Amino acid sequence: MAPINTRLPKGMRDFLPHEVLKREYVFGVITDVFQTFGFEPIATPTLEMLDTLLGKSGEEADKLIFHAQHPGGKEALALRYDLTVPLARYVAMHENDLSMPFRRYHIAPVWRGDRPQKGRYREFYQCDVDIVGVASMAADAEIVSLLVAALRRLGFADFTVHINNRKLLNGIGIYAGVPEAQSGDLYRSIDKLDKIGLDGVKKELAASGIADDAIGRMMDLLQYREDGLAALGSVRDQLRGVPIAQEGITEIEQMVDYLDALGVDQFTVDLAMVRGLGYYTGPVYETMITRPDNLGSVTGGGRYDRLIGLFRKESMPTTGSSLGIERIIDLMDLLDLYPAEVTRTVVQVLVSVFEAGTQGASLALANELRAAGIRTEAYMNPKRAIGKQVQYADRKGAQIVAFLGPDEIQAGRVKFKRLRDGHEVEVSRAEAAQAVRALLG
RNA sequence: GUGGCUGUGGUGCAGUGGUUAGCACGUCUGACUGUGGAUCAGAAGGUCGAGGGUUCAAAUCCCUCCAGCCACCCCA
């Protein structure tokens, strides 16, 4: 009989034990940083009503939403596309039970019917942190500060948070005279500045049918981009007659002040950074790893003061970011950032078994070690040669093997061998757990 | 949705028209009935991604489809 073939849905993966252990380590570090900053955990269903998700993140996003229909189902359901839109729904639904401002984090899988490629999957985890109910740029600065802290805690050193502001971008569009309908094309082209250069942007804008004089004015502004923070003064002068741009610039300046207060300096003001999602209204930020530079951004977020307003009468100012955990994990491997205590197996001690008659004694020893909080596996097949049992322990990455043969049992003792260096000790049963701890060092 | 590359035992590969498709690693058994990454001997494991075509003959050439990877679009 032909076995059933084993393929997985496109863009979805299985994880081996050692991979899960690494992922859990990353989740753990990030969770710890989130909590240190005073954020609370929440959870929401993987499925939402389709209407909850549609039309929130932009047309492109709608096309990538996974529809999830039960054969007899009457209501249209979908797998969540991100954790931000569910948050907006959640806040509107539970506002009675939440104290404002509400700071929450959420680590969970999301689904996108995207075409997979490097660092990109159809099912992947996002780690979101958001502050609901604070209009001040202090909230935005705190989010950025948190992102920097989390990345540093994971061991990243070479990265930069790029900061821009949607109001400023809008203002630039207005100043250049680009019609509202074409602002999407405009932003998209600007965002590619790094990839295609000023000339490339110019060509793309022309191809989108944007007027030459508008392009010229755009180019004048984008030239300041290199100056980062220092560009703001020139841009402010240039955009003197555009109130929305002035507002955006003021927001950036305030944010920068707060970042200084928080001791954050790993950021840059980047006039050409645009975030694709449709709901952003103010500051936007995105982190680029600067050393290996092929995996794209590793965090992305911004302020979306109007999103919650789609789910209740009045909106609430909200800002937050998502950490792209999958890319972070890929990079952790690439840069070898895992500490030694992240091991390939959960097992610290493998208790070997010599013969059928001593299996009970081996189990009893395992039980004692477990009671002392040591992660212990008892080998189950007494017929298997001891050498093979040691080999098994070594292959799977266990650190210590316990030997408990007739001689030791007779003497009330036990022998432990540390596989890393072959070092062996023999101790009384009463000292077993202590000896293991010493060997684990 | 568009384009490029790839598809041979569990994994990584060789084999570019000619007898029963090879190799390495892994797995299993034994030499070794109280101790690991070694050595030796042996074994299991493949409808060569699928279907069609060309040919006396196809893993090899042609067509279609499927899948994977990479890039674009977009995004974490």
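Numbering (my numbering), first residue to last: -18 to 422. Backbone N, C-alpha and C define an ideal beta-carbon position, used for all residues, glycine too. Model, not experiment: these values are computed from the prediction.
Within this structure, are the beta carbons of Y285 and M118 separated by less than 7 Å? Counting from 1 along the first sequence, the entry for residue 285 is found at position 304. Counting from 1 along the first sequence, the entry for residue 118 is found at position 137. Going by C-beta atoms, Y285 is not nearer than 7 Å to M118.
Leaving out five residues on either side along the sequence, give the residues of the same chain with a beta carbon under 7 Å from the beta carbon of V7.
To locate residue 7, count along the first sequence from 1; it is residue 26. For V7, where only same-chain residues beyond five positions count, the Cβ hits under 7 Å are L135, I306, I309, I310 and M313.
Tell me E267's beta-bridge partners as DSSP assigns them. Position 286 of the first sequence, counted from the first residue, corresponds to residue 267. As computed with DSSP, E267 is found in a beta bridge with H143 and G281.
Checklist entry - Between the region 348 to 368 and the region 331 to 339, do three or more beta carbon pairs fall short of 8 Å? => result Note that the region 348 to 368 touches the region 331 to 339; at least 3 beta-carbon pairs, one per stretch, sit closer than 8 Å.
Buried or exposed for G268, please, with buried defined as at least 16 other CB atoms from any protein chain shown within 10 angstroms of its CB. Position 287 of the first sequence, counted from the first residue, corresponds to residue 268. Checking the displayed sequence, the identity of residue 268 turns out to be Thr instead of Gly. With 16 or more other Cβ atoms within 10 Å, it is buried.
Q: Kindly indicate which residue of S189, A131, F105 and A383 has the alpha-carbon position closest to the one of D95.
A: Looking up residue 95 in the first sequence gives position 114. The option with the nearest alpha carbon to D95 is F105.
How would you label R(-6), buried or exposed, when you count the other beta carbons within 10 angstroms and need 16 or more for buried? Position 13 of the first sequence, counted from the start, is the residue given in the question as residue -6. Exposed, because fewer than 16 other Cβ atoms sit within 10 Å of the Cβ of R(-6).
- Query: According to DSSP, is Q329 helix, strand or coil?
  - Reply: Residue 329 sits at position 348 when you count from the first residue of the first sequence. In the structure shown, Q329 sits in coil (DSSP, three-state: anything other than H, G, I, E or B).
With which residues is E29 paired in a DSSP beta bridge? Here residue 29 refers to the residue found at position 48 when the first sequence is read from its first residue. The partner list for E29 (beta bridge, DSSP) reads A59.
Note to self: Under 8 Å: do the region 169 to 189 and the region 232 to 249 share three or more Cβ pairs, one atom per stretch?
What the structure shows: The region 169 to 189 is not in contact with the region 232 to 249.
_Going by DSSP in three states, Q98 sits in which element: helix, strand or coil?_
For this step, residue 98 is matched to residue 117 along the first sequence. Here Q98 sits in strand by DSSP.
query = Does the region 52 to 66 come close enough to the region 119 to 134 that 3 or more CB-CB pairs lie under 8 Å?
reply = no
Practice problem: Taking only the alpha-carbon atoms, compute the straight-line gap between N348 and H404 and give it to the nearest angstrom. | Solution: Here residue 348 refers to the residue found at position 367 of the first sequence. Here residue 404 refers to the residue found at position 423 of the first sequence. If I take the Cα positions, the gap works out to 23 Å.
Quiz prompt | Alpha-carbon spacing of I155 relative to P320, whole angstroms | solution = Here residue 155 refers to the residue found at position 174 when the first sequence is read from its first residue. Here residue 320 refers to the residue found at position 339 when the first sequence is read from its first residue. Rounded to whole angstroms, I155 to P320 spans 50 Å at the Cα level.
For I355 and G178, what's the separation of their Cα atoms in angstroms? Here residue 355 refers to the residue found at position 374 when the first sequence is read from its first residue. Here residue 178 refers to the residue found at position 197 when the first sequence is read from its first residue. In a straight line, the C-alpha of I355 is about 57 Å away from that of G178.
Rounded to whole angstroms, what is the Cα-Cα separation between L291 and G114? For the purposes of this step, residue 291 is taken as the residue at position 310 of the first sequence. For the purposes of this step, residue 114 is taken as the residue at position 133 of the first sequence. So the two alpha carbons sit approximately 15 Å from each other.
Requested in this report: Could you name the residues of the same chain whose beta carbon sits closer than 6 Å to that of A253, not counting the 5 residues immediately before and after it, in chain order?
Outcome: If you number the first sequence from 1, residue 253 lands on position 272. Result list for A253: I171, L174 and R206, in chain order.
Taking the alpha-carbon positions, what's the F(-4) to V279 distance?
Start at 1 with the first residue of the first sequence, and residue -4 comes out as number 15. Start at 1 with the first residue of the first sequence, and residue 279 comes out as number 298. The straight-line gap from Cα to Cα measures roughly 21 Å.
> Can you tell me whether R256 is buried or exposed, with buried defined as 16 or more other CB within 10 angstroms of its CB?
Replying inline: Translated into positions along the first sequence, residue 256 becomes position 275. That one is buried.
Through-space distance from S215 to Y261, alpha-carbon basis | Here residue 261 is taken as the residue at index 280 of the first sequence, counted from 1. Here residue 215 is taken as the residue at index 234 of the first sequence, counted from 1. Distance between the alpha carbons of Y261 and S215: 25 Å.
Output the distance between the C-alpha atoms of V408 and A414, rounded to the nearest integer angstrom.
Counting from one through the first sequence, the residue named residue 408 turns up at place 427. Counting from one through the first sequence, the residue named residue 414 turns up at place 433. Straight-line Cα distance between these residues: approximately 10 Å.
Terminal residues of the continuous beta strand (DSSP E) containing Q456? A query on residue 456 cannot be resolved here, the shown segment of the chain reaching from -18 to 422 and no further.
Mind reading off the beta-carbon distance from L420 to I381? Whole number of angstroms is fine, and I expect it under 8 Å. As a position in the first sequence, residue 420 is number 439, starting the count at 1. As a position in the first sequence, residue 381 is number 400, starting the count at 1. Yes, they are in contact, since the Cβ atoms of L420 and I381 sit about 6 Å apart, within 8 Å.
(request) Could you give the DSSP three-state label for A(-10): helix, strand or coil? (result) Reading the first sequence from its first residue, position 9 is the one you call residue -10. Rather than Ala, the amino acid found at residue -10 in this sequence is Pro. Under the three-state reduction of DSSP, P(-10) is assigned to coil, being neither helix nor strand.
DSSP beta-bridge partners for G301? Residue mapping note: residue 301 aligns to position 320 of the first sequence, counting from 1. In the DSSP assignment, the residues bridged to G301 are D111 and G283.
Worksheet item: Residues in its own chain within less than 8 Å of R394 by CB, not counting five upstream and five downstream?
Response: If you number the first sequence from 1, residue 394 lands on position 413. Counting only Cβ-Cβ distances below 8 Å, and skipping sequence neighbours, we find E407, V408, S409 and R410.
| said: Out of D375, S343, L167 and L318, which one is the CA nearest neighbour of D139? | reply: On the first sequence, position 158 is the one that residue 139 refers to. The residue with the shortest Cα to Cα distance from D139 is L318.
- request: Enumerate in chain order the residues of its own chain whose CB-to-CB distance from S126 is below 6 Å, with the five nearest sequence positions on each side excluded.
  value: The residue labelled residue 126 in the question sits at position 145 within the first sequence. Once the five neighbours on either side are set aside, the close Cβ partners of S126 are L243 and V245.
Going by DSSP, which residues form a beta bridge with S170?
Taking the first residue of the first sequence as 1, we reach residue 170 at position 189. Note: S170 sits in no beta bridge, so no partner.
Query raised in the report: Taking all protein chains shown into account, do 16 or more other C-beta atoms lie within 10 angstroms of the C-beta of L167, making it buried, or fewer, making it exposed?
Result: One-based indexing of the first sequence puts residue 167 at position 186. With 16 or more Cβ atoms within 10 Å of its Cβ, L167 is classed as buried.
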